[in-house]
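Okay, so here's the structure we're looking at.
In this note's numbering, the protein residues as written are -18 to 251.
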């Protein structure tokens, strides 16, 4: 039988690896690192021995100099998605959470939509009551008057996705700009502390076990040293872990929970 590599593990399955009979220490370290990151990690840097064969579908790109603003890049991507929808005769469904990431994506799409004077039904907005509560002004000022069809999400998001639509999310925003793990340490004024001093306590706060904390530190340090940028602060370290270890989990989690993972994965734009 052909041997296949793993591309996705949810946190529960990753945690169970350490409990398998005759589990190697590397699996125990991997499992504890997954608990710390709140996901089944897949190392995009390729440094970590995860204890099993894994395949990276989103390799870390080579940094390139680019003087264009983030707004220009977002507008360009919005235009590309709209053109793809027109060329393939598909609608665009935006999963709007009310947060800054999905709002940015929706704005980019709406700008291209207005510029080309396209029919409102090309873009559909799916949201929840929590989405509206998070950003009521944008909902009332921009979404409602736009005429785009609105649907209320009531149930698991992944089960509502349709493979014949282009599904747009705000996923990967946290991986690009920072980790929610960091939030309490930002509020406490510790984000710019030296990571070598601060990181052990952060990991312990999650694991609540000194032996596992020490094991995770030793496991992740070689991967941290391979970062293409200098890692100096706690913010740097947690950003790099999020960007390099959690990215693929975020890429695949909606598709993995859907009824048609392959087709839904192909329909997603994060």
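Beta carbons are placed, not taken as given, at the ideal position from N, Cα and C, and that holds for glycine.
Sequence-distant residues of its chain with Cβ nearer than 6 angstroms to residue i (five each side left out)
i, result
"residue -14", "34, 35, 36"
"residue 306", "Residue 306 falls outside the range modelled here, since the chain spans only -18 to 251, and no answer is possible."
"residue 76", "107, 150"
"residue 238", "139"
"residue 142", "148, 239, 245"
"residue 184", "17, 194, 197"
8 angstroms CB neighbourhood of residue i in its chain, flanking five on each side removed
i, result
"residue 188", "13, 16, 17, 194, 197"
"residue -18", "Confidence at residue -18 is low in this model, with a pLDDT of 41, below 50, so the placement of that residue should be treated as unreliable; the coordinate-derived value is given next. Within the same chain, residue -18 has no close Cβ partners at all."
"residue 44", "209"
Assumed close pair residue i, residue j - CB separation to whole angstroms, cut-off 8 angstroms
i, j, result
"residue 109", "residue 74", "In fact, because the Cβ distance is near 14 angstroms, the residues do not count as touching under 8 angstroms."
"residue 233", "residue -11", "4 angstroms"
"residue 200", "residue 78", "That belief does not hold up - the Cβ atoms of residue 200 and residue 78 are roughly 33 angstroms apart, past 8 angstroms."
Assigned exposure category for residue i - 16 Cβ within 10 Å defines buried
i, result
"residue 160", "buried"
"residue 120", "buried"
"residue 148", "buried"
"residue 204", "buried"
"residue 152", "buried"
"residue 54", "exposed"
"residue 129", "buried"
"residue 216", "buried"
"residue 202", "exposed"
"residue 84", "buried"
Own chain partners of residue i with C-beta closer than 7 angstroms, once the 5 adjacent residues on each side are dropped
i, result
"residue 21", "-11, -10, -9, -8, -6, -5, 15, 230"
"residue 145", "71"
"residue 25", "37, 39, 40, 41, 225, 228, 229"
"residue 212", "176, 205, 218, 221"
"residue 236", "242, 245, 246, 249"
"residue 93", "59, 60, 63"
"residue 138", "76, 235"
"residue 82", "151, 154"
According to DSSP, residues forming a beta bridge with residue i
i, result
"residue 320", "There is simply no residue 320 to check, as the chain begins at -18 and stops at 251 in what is shown."
"residue -13", "35"
"residue 249", "148"
"residue 194", "Its beta-bridge partners do not exist; DSSP assigns none."
"residue 214", "175"
Within the segment 114 to 188, note down every full alpha helix (DSSP H) run reaching 4 residues or more, in order along the chain. Along the segment 114 to 188, the alpha helix (DSSP H) occurs as fully enclosed runs of 4 or more residues at 138 to 141, 154 to 158, 164 to 168, 176 to 188, listed in sequence order.
What residue ranges within the segment 37 to 97 form continuous alpha helix (DSSP H) runs of no fewer than 4 residues, ordered along the chain? Correct list: 51 to 69, 81 to 96.
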